[in-house]
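J.:
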Amino acid sequence: MPVPAHHSHTAALAEARTPGPRSPAPRLPGPRRSGRAAARAAGLPRVDEPREVAPADARELSKAFFRRLRELEEGTAERQYVRNTLIEMNASLVQYAVRRFRGRAEGAAGDVDDLVQVGTIGLIKAIDRFDPARENEFATLAMPYITGEIKRHFRDTAWAVHVPRRLQELRIDIAKAKEELTIRLDRSPTVRDLAAYLDLTEEQVIEGLVAANGHTSGSLDAPHAEHGDGPAEGHTLAEVLGEEEPALELVEDIQTLAPLLERLSDRERTMLRMRFGEELTQAQMGAALGISQMQVSRLLTRLLAHLRTSMLADPGPAPGQPGR
2 MPVPAHHSHT AALAEARTPG PRSPAPRLPG PRRSGRAAAR AAGLPRVDEP REVAPADARE
62 LSKAFFRRLR ELEEGTAERQ YVRNTLIEMN ASLVQYAVRR FRGRAEGAAG DVDDLVQVGT
122 IGLIKAIDRF DPARENEFAT LAMPYITGEI KRHFRDTAWA VHVPRRLQEL RIDIAKAKEE
182 LTIRLDRSPT VRDLAAYLDL TEEQVIEGLV AANGHTSGSL DAPHAEHGDG PAEGHTLAEV
242 LGEEEPALEL VEDIQTLAPL LERLSDRERT MLRMRFGEEL TQAQMGAALG ISQMQVSRLL
302 TRLLAHLRTS MLADPGPAPG QPGR
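Numbering (the numbering used here), first residue to last: 2 to 325.
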């Protein structure tokens, strides 16, 4: 019995609830049989426009369709009709769920369409796993499946930088822990607080905090600092990212000095450690080394002059290469 989209579905419900006696449905070839034939073989009304069925009628019709779905054999045209009709009749659940995430989709039509497709996957999973014998409402099972698929879509695609799923989930746990501990401690939680609350090591928490930086990205044309009056105020990130690092020269000096220190004698390294590491006076160094303060002064002057000259000299040829 066809059910027009614009007509009330009272007759369809009556037919679905009290189907007449029928012989076992024959196995149909599927694509060659019309929807009308598949509906008749399944013992259910044919719904011409499932998406136009009112929500209240859709809930009642779904109950009859779910009971029949569990009875039909996999791969038959009858089961395909019943399953597809259930998907179409309950598509409004996907639209309802998508509205909750429309802001995160930035309002672009393409993004919203992606959410509908992803949410429909969750709806199909819920239909395949719903058991009408439990007498629960289908929407109660379907909504977690639909929203779960949408959240998974955001988790997998919304990150500016790809990070492992483990760290994506850890970011969410850390955010929840921060909110809870801020209320409980009346201050911002430390890494140690977060580690104790989540039963993780401090290294794992730090890894999650660093990974969270990859969730969003900023434009190189954005202002470097919206607040404050630092030297970079009024400049874009592109203008300041390439600025000279003041400590870079110190790093180069340390890299140059390291092999020179290895060539010193034990006594010379000891003197440098006592003078610049332990910050002893020359008199204290002389007493420890068994020499006079004057000797300490001359040795240090000669040693520092040697290191300074060696650092400023041109590097020699690499090992295995002839000199010029």
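Here a beta-carbon is modelled for each residue, glycine too, at the ideal position from N, C-alpha and C.
With three or more beta-carbon pairs closer than 8 Å as the criterion, would you say the stretch 134-152 touches the stretch 113-125?
T.: At 8 Å Cβ cutoff, the stretches touch.
J.: Below 7 Å CB to CB, which residues in the same chain sit around F66 once its five sequence neighbours on both sides are set aside?
T.: L45, V83, T86 and L87
J.: Can Q296 and Q283 be called in contact, C-beta distance under 7 Å?
T.: Contact flag unset, no.
J.: Using CA coordinates, which residue listed in Q81, A92 and A55 is at the minimum distance from R41?
T.: Q81
J.: For R309, which three-state DSSP category applies?
T.: helix
J.: On the three-state DSSP scale, how would you describe R103?
T.: coil
J.: Kindly give me the distance between the Cβ atoms of R185 and G209, rounded to whole angstroms, as I take these residues to be in contact under 8 Å.
T.: The beta-carbon distance between R185 and G209, rounded to whole angstroms, is 20 Å. This is too long to meet the 8 Å contact definition.
J.: Exposed or buried, T202, counting other C-beta atoms within 10 Å across all chains shown (16 or more means buried)?
T.: exposed
J.: Got a sec? Which residues, its chain only, sit under 8 Å from E181 by beta carbon, not counting five neighbours each side?
T.: Y198
J.: Assign L73 to buried or exposed, taking buried as 16 or more other Cβ atoms, counted over all protein chains shown, within 10 Å of its Cβ.
T.: buried
J.: So A127 and Y146 are in contact, right, with Cβ under 8 Å, and what is the actual spacing, rounded?
T.: 4 Å
J.: Among L300, F131, D49 and D114, whose alpha-carbon lies nearest the alpha-carbon of H154?
T.: D114
J.: If you draw a straight line from the C-alpha of T271 to the C-alpha of V192, how long is it?
T.: 39 Å
J.: Classify A306 as buried or exposed, calling it buried when 16 or more other Cβ atoms lie within 10 Å of its own Cβ.
T.: exposed
J.: Could you check what DSSP says for T191 in three-state terms: helix, strand or coil?
T.: coil
J.: Can you give me the start and stop residues for the alpha helix (DSSP H) that A65 sits inside?
T.: P56 to L70
J.: Buried or exposed for S189, please, with buried defined as at least 16 other CB atoms from any protein chain shown within 10 angstroms of its CB.
T.: exposed
J.: So what's R47 in DSSP terms, helix, strand or just coil?
T.: strand
J.: Check this for me: beta carbons of A143 and L94, under 7 Å apart or not?
T.: yes
J.: I'd like the span of the alpha helix (DSSP H) that includes I128, first residue to last.
T.: Note, I128: alpha helix (DSSP H), A110 to R130.
J.: With DSSP run on the structure shown, which of helix, strand or coil describes T237?
T.: strand
J.: Tell me which residue opens and which closes the alpha helix (DSSP H) that T271 is part of.
T.: Taken as a continuous stretch (DSSP letters only), the alpha helix (DSSP H) holding T271 covers D267 to L273.
J.: To which residues of the same chain is I207 closer than 8 Å at the C-beta, ignoring the five residues directly before and after it?
T.: V192
J.: For G278, does the three-state DSSP call read helix, strand or coil?
T.: helix
J.: Can you give me the Cβ contacts of M90 inside the same chain, cut-off strictly under 8 Å, excluding the 5 residues immediately before and after it?
T.: Cβ within range, chain order: V48, P51, R52, V54, A59, L62, S63 and F66.
J.: If you drop the 5 nearest sequence neighbours on each side, which residues of the same chain put their C-beta closer than 8 Å to that of A196?
T.: T202, E203, Q205 and V206
J.: Can you tell me which of the three DSSP states A314 falls into?
T.: coil
J.: Give me the Cα-Cα distance between G278 and L313, rounded to the nearest whole angstrom.
T.: 23 Å
J.: Can you tell me the Cα-Cα spacing of E136 and A92, whole angstroms?
T.: 21 Å
J.: In angstroms with no decimal places, state the Cα-to-Cα distance between Q169 and A176.
T.: 11 Å
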